[in-house]
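Peer 1: Shown below is the structure under consideration.
Have a look at this one:
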């Protein structure tokens with residue numbers, strides 16, 4: 001590097017330092033929003049159901065004994081459906097009443113074309129926020145990779161009751177931010193230039209959420 005280049009660089013940096021000297025660091029943002037809920041579990045559940053139904057998802061409440069039957073009913077007899085390899089087997093119908101089951105694994109992930117050919121996907125979830133009606137998937141073993149929840153037209157998602165929180169800060173505190181995060185509030189929907197609602201453009205057209213007690 002020539003002496004002239006070094007001198008020019010030093011001059012530029014000196015000008016930058018001089019300009020920044022008159023601009024002190026901005027004040028830290030005020031974080032006076034609610035970060036912890038005072039609502040009881042029933043109120044949080046009712047708020048969550050109200051939001052997701054308003055977003056055109058369907059809500060169901062099941063137990064460990066009834067969830068397999070509900071999933072079979074939602075899938076129907078002929079539905080080809082995909083599940084992540086870590087999805088609890090006990091939550092799935094075992095009598096063949098829900099069509100063909102395809103397991104997506106890390107070693108043999110389904111292609112986009114294969115995912116597009118199935119009728120539905122069944123996953124669990126990490127946490128759900130009642131305030132916004134949002135379900136968070138965090139690429140856990142029972143949730144799978146992002147693609148399987150976006151490409152199939154029908155998403156059946158299990159929300160364990162203990163994973164329901166009221167506020168966004170509470171939800172974010174439960175997320176592993178090193179992993180991919182998928183958030184959705186009801187079926188995928190957008191509007192065209194005439195404000196006509198179009199569903200299923202960027203994700204599933206149909207969403208069923210099962211709250212598991």
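Numbering (the UniProt record's numbering), first residue to last: 1 to 213.
By construction, the Cβ of each residue, glycine as well, lies at the ideal position given by its N, Cα and C atoms.
For residue 123, which option in 133, 141, 134 has the closest C-alpha, if you only look at C-alpha atoms?
Peer 2: Reading the chain shown from its first residue, position 123 is the one you call residue 123. Selected option, being the one with the closest Cα: 141.
Peer 1: I want to check one thing, is the minimum distance from the CB of residue 205 to the heavy atoms of the ligand MG below 7 Å?
Peer 2: By its list of ligands, the structure shown contains no ligand whatsoever, and the ligand MG lies outside what it can speak to.
Peer 1: In whole angstroms, what separates the C-alpha of residue 148 from that of residue 82?
Peer 2: Residue mapping note: residue 148 aligns to position 148 of the chain shown, counting from 1. Residue mapping note: residue 82 aligns to position 82 of the chain shown, counting from 1. Residue 148 and residue 82: Cα-Cα distance of roughly 8 Å.
Peer 1: On the DSSP letters alone, give me the boundaries of the alpha helix (DSSP H) that residue 170 sits inside.
Peer 2: As a position in the chain shown, residue 170 is number 170, starting the count at 1. That run of the alpha helix (DSSP H) goes 168-173.
Peer 1: State whether the region 175-184 contacts the region 131-146, with contact taken as three or more CB pairs (one from each stretch) at a distance under 8 Å.
Peer 2: yes
Peer 1: Quick check on residue 197: buried or exposed, where buried means 16 or more other Cβ atoms within 10 Å of its Cβ?
Peer 2: Counting from one through the chain shown, the residue named residue 197 turns up at place 197. Classification of residue 197: exposed, given that the 10 Å Cβ count is below 16.
Peer 1: Closest to residue 91 by C-alpha separation, out of 72, 79, 67, 171, would be which residue?
Peer 2: For this step, residue 91 is matched to residue 91 along the chain shown. Among 72, 79, 67, 171, the Cα nearest to that of residue 91 belongs to 67.
Peer 1: Leaving aside the five residues before and after residue 47 along the sequence, list all residues of the same chain whose C-beta is less than 6 Å from its C-beta, in chain order.
Peer 2: Here the question's residue 47 lines up with position 47 in the chain shown. Excluding residues within five positions, the ones whose Cβ falls inside 6 Å are 130.
Peer 1: With residue 159 and residue 188 assumed to form a contact (beta carbons below 8 Å), what rounded beta-carbon distance in angstroms separates them?
Peer 2: Against the chain shown, residue 159 aligns to sequence position 159. Against the chain shown, residue 188 aligns to sequence position 188. That pair is no contact at about 18 Å.
Peer 1: Please name the residue in 171, 89, 97 whose C-alpha comes closest to that of residue 103.
Peer 2: For the purposes of this step, residue 103 is taken as residue 103 along the chain shown, with counting starting at 1. Residue 103 has its Cα closest to that of 89, out of 171, 89, 97.
Peer 1: Can you list, in chain order, the stretches of the beta strand (DSSP E) that have 3 or more residues and sit fully within the UniProt domain "LUD" (113-212)?
Peer 2: 120-123, 127-129, 134-137, 154-160, 182-184, 189-191, 197-199, 206-212
Peer 1: Looking only at its chain, what residues have a beta carbon closer than 6 Å to the beta carbon of residue 57, apart from the 5 residues adjacent to it on each side?
Peer 2: Working through the chain shown from its first residue, we reach residue 57 at position 57. Excluding residues within five positions, the ones whose Cβ falls inside 6 Å are 186, 207, 209.
Peer 1: Is residue 27 helix, strand or coil when you go by DSSP?
Peer 2: For the purposes of this step, residue 27 is taken as the residue at position 27 of the chain shown. Coil at residue 27, not helix or strand.
Peer 1: Helix, strand or coil: which one does DSSP assign to residue 95?
Peer 2: One-based indexing of the chain shown puts residue 95 at position 95. It is coil, neither helix nor strand.
Peer 1: When you compare only the Cα positions, how much space is there between residue 54 and residue 204?
Peer 2: Here residue 54 refers to the residue found at position 54 of the chain shown. Here residue 204 refers to the residue found at position 204 of the chain shown. One C-alpha to the other measures close to 16 Å.
Peer 1: To the nearest angstrom, report how far apart residue 39 and residue 109 are at their CA atoms.
Peer 2: Mapped onto the chain shown, residue 39 falls at position 39. Mapped onto the chain shown, residue 109 falls at position 109. Going by the C-alpha atoms only, they are around 41 Å apart.
Peer 1: Since residue 59 is in the beta strand (DSSP E), which residue starts that stretch and which ends it?
Peer 2: Taking the chain shown and counting its residues from 1, the one referred to as residue 59 is at position 59. For residue 59, the uninterrupted beta strand (DSSP E) segment begins and ends at 58-62.
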